[in-house]
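Each residue of the sequence shown is one higher than the one before, starting from 563 at the first, in the numbering used here. Everything on this sheet refers to the single structure shown next.
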Amino acid sequence: MKSIRIPLLLFLLMAVHAQMAAAEEGVCTDATLVWGEQVAIGEYTFEATDFSVGSASDIRLGESVWALVTVYENGSVLWREVFSTNETASDYAFNANESSYTFDINCTETYIENETDRIRIHASKIVVGSNPQTQSITVQVCIIEPPQVNIISFDNWLNNTFSITKSVNKEIYVREQAFIELMITNISAADRVSITDSIPDDFVVDPDRDLCWEYSQNTYRYSIMPLVPGVYTLPAANASVWCQGQQINITSNTPEISVQGPYITVTKTAEQTDGMVNVTVRACNRGDRGAMVYVFDSIPDGAELIDGVLNWSMVLNPVETAYTGEYVNIYTIKINKTVTLPRAVVYYQTSRQVDLVRDYKPEATFELEKYINPKFYSARSRSSEILIRYGADLEAAVDNMTADTVDDIAIEATDDASDEVENDESQTASEGNENEREGEKEEEE
563 MKSIRIPLLL FLLMAVHAQM AAAEEGVCTD ATLVWGEQVA IGEYTFEATD FSVGSASDIR
623 LGESVWALVT VYENGSVLWR EVFSTNETAS DYAFNANESS YTFDINCTET YIENETDRIR
683 IHASKIVVGS NPQTQSITVQ VCIIEPPQVN IISFDNWLNN TFSITKSVNK EIYVREQAFI
743 ELMITNISAA DRVSITDSIP DDFVVDPDRD LCWEYSQNTY RYSIMPLVPG VYTLPAANAS
803 VWCQGQQINI TSNTPEISVQ GPYITVTKTA EQTDGMVNVT VRACNRGDRG AMVYVFDSIP
863 DGAELIDGVL NWSMVLNPVE TAYTGEYVNI YTIKINKTVT LPRAVVYYQT SRQVDLVRDY
923 KPEATFELEK YINPKFYSAR SRSSEILIRY GADLEAAVDN MTADTVDDIA IEATDDASDE
983 VENDESQTAS EGNENEREGE KEEEE
């Protein structure tokens, strides 16, 4: 990548020029500088050091009349300048009875320091006296304060020059793709740019890829898939910029995304008394959309179901609504040995999209509506296993459930689901909510 330094120079020059223009006027003072005297104006001292003539009788026709003005700073000579009449003396005749003679001038001189105007003197007249013998020059002195040039740090310049913007879909359904776009601007002056991004824990990159790039274009895009409903703030993307031997990190904005959909959790607890075990299975919808829920449970070999049912189904609405968002099923079993209660499994689904086709028949007075290509969001959650020692009180309830996901299928209540629960008994209990994608389709019965 070619390094271009012109933007930095132009940026700094424009900033300095704007500040210089603001200080251009300065503070002006009228003064009469008499030979042999000094006048203090601001931090400077002004003096009419010399004149072309000592008295009016010394003036000759055809000669110019001038005065030398000296400016001192801290006792040292800072600047000297000669102010002269624009034309030679004419129509002049010395008269001993005249006390003084005035010569009009219109002359402006400027002292420049560091290419900046500092002192401006405008002379308007020179007076030469004969009786008494005096010389003076009338001036207007303008003190121009030096511009306050704020040195712009390299980091500030980079932050004001380069930018990275992050955007994403405002709303998305759980398990659908959300597209993220990173826009890089004003990067031409950089020698090298590295870009990195990250996603929240409840998202996966889909399709999977590394979220880091070496700059070669202005726009980068990738897609993510949310696993759990909720409102999320995406982390800022970062651009590491190297320019003119220095490096700085620039961060993007942090956009929000709202993820919609159901999210069913299931827990299983048990209490034992004299060989009788009361088992509680609790299903709760913590999402923001309702879902049809199918719960399948089983008992270990040798156990006997005394009361209640193992399998059930119903619609669970979000818990924040006034409708049923949680359901608890309790059943009792009898055991005669130490057993491990298998995991309860809940399948849930919701209609995500239905395509509506209108079939209009001229001979009929109404339209026929057909719903085709239904698309379902389906998922599975599992509770933990529970170890129950025969003849001993249960010391602690089991922790939370785990969660798996089944994509693009609508699972109904089948005996196959119970078989799957038995197969899961060989797996260790896992904590928290996990979401896994499954590609297998269940046969509907």
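Idealized CB from N, CA, C, for every residue including glycine. Here the structure is a predicted model, which is why all the values come from computation and not from measurement.
With a CB to CB cut of under 6 Å and the five nearest residues on each side skipped, what residues in its chain are close to residue i?
i: residue 647; result: 626, 627, 665, 667
i: residue 777; result: 755
i: residue 607; result: 600, 634
i: residue 854; result: 877, 911
i: residue 761; result: 786
i: residue 747; result: 725
i: residue 818; result: 795
i: residue 662; result: 689, 691
i: residue 1028; result: One cannot answer for residue 1028 here, as it falls past the ends of the chain, which runs 563 to 1007.
i: residue 766; result: 787
i: residue 759; result: 773, 799
i: residue 629; result: 610, 613, 645, 688, 699
i: residue 1084; result: Residue 1084 is absent from the structure shown; the chain starts at 563 and stops at 1007.
i: residue 693; result: 661
i: residue 592; result: 702
i: residue 596; result: 698
i: residue 821; result: 734, 736, 788, 791, 792
i: residue 835; result: none
i: residue 885; result: 879
i: residue 825; result: 790, 791, 848, 849
i: residue 873; result: 858
Mapping DSSP to helix, strand and coil, what is residue i?
i: residue 696; result: coil
i: residue 906; result: coil
i: residue 965; result: Low confidence applies to residue 965: its pLDDT is 39, below 50, so where it sits in the model is not reliable enough to give any reading.
i: residue 626; result: coil
i: residue 661; result: coil
i: residue 612; result: strand
i: residue 617; result: coil
i: residue 886; result: coil
i: residue 647; result: coil
i: residue 723; result: helix
i: residue 736; result: coil
i: residue 838; result: strand
i: residue 679; result: strand
i: residue 865; result: coil
i: residue 806; result: coil
i: residue 597; result: coil
i: residue 911; result: strand
i: residue 743; result: strand
i: residue 831; result: strand
i: residue 871; result: coil
i: residue 825; result: coil
i: residue 637; result: coil
In chain order, what residues of the same chain have a beta carbon less than 7 Å from the beta carbon of residue i, not counting five sequence neighbours either side?
i: residue 594; result: 698, 700
i: residue 632; result: 609, 611, 639, 642
i: residue 684; result: 670, 701, 702
i: residue 603; result: 591, 593, 703, 705
i: residue 615; result: 621, 627, 690
Buried or exposed, going by whether 16 or more other CB atoms sit within 10 Å of the CB of residue i?
i: residue 732; result: exposed
i: residue 770; result: exposed
i: residue 645; result: buried
i: residue 619; result: exposed
i: residue 779; result: exposed
i: residue 704; result: buried
i: residue 681; result: buried
i: residue 807; result: exposed
i: residue 928; result: The predicted position of residue 928 is uncertain, since its pLDDT is 43 and thus under 50; no value can be drawn from it.
i: residue 676; result: exposed
i: residue 828; result: buried
i: residue 815; result: exposed
i: residue 850; result: buried
i: residue 883; result: exposed
i: residue 871; result: exposed
i: residue 624; result: exposed
i: residue 944; result: buried
i: residue 757; result: buried
Which same chain residues end up closer than 8 Å to residue i when comparing Cβ atoms and leaving out the 5 residues on each side of it in sequence?
i: residue 768; result: 739, 785, 786, 787
i: residue 902; result: 862, 947, 948, 949, 950, 987
i: residue 783; result: 741, 742, 743, 744
i: residue 505; result: Outside the displayed range of the chain (563 to 1007) lies residue 505, so it cannot be described from this structure.
Nearest chain B C-beta to residue i closer than 9 Å, yes or no?
i: residue 838; result: Of the protein chains in the structure, only one exists, and it is not chain B.
Segment contact flag, the stretch 734-748 with the stretch 776-794, C-beta cutoff 8 Å, min 3 pairs:
yes
Count Cβ pairs between the stretch 860-867 and the stretch 896-911 that sit closer than 8 Å; are there 3 or more?
yes
Does the stretch 832-850 come within contact of the stretch 880-892, defined as at least 3 CB pairs closer than 8 Å?
yes
Counting only runs that start and end within the stretch 768-797, where is the alpha helix (DSSP H) found for 4 or more residues in a row?
none
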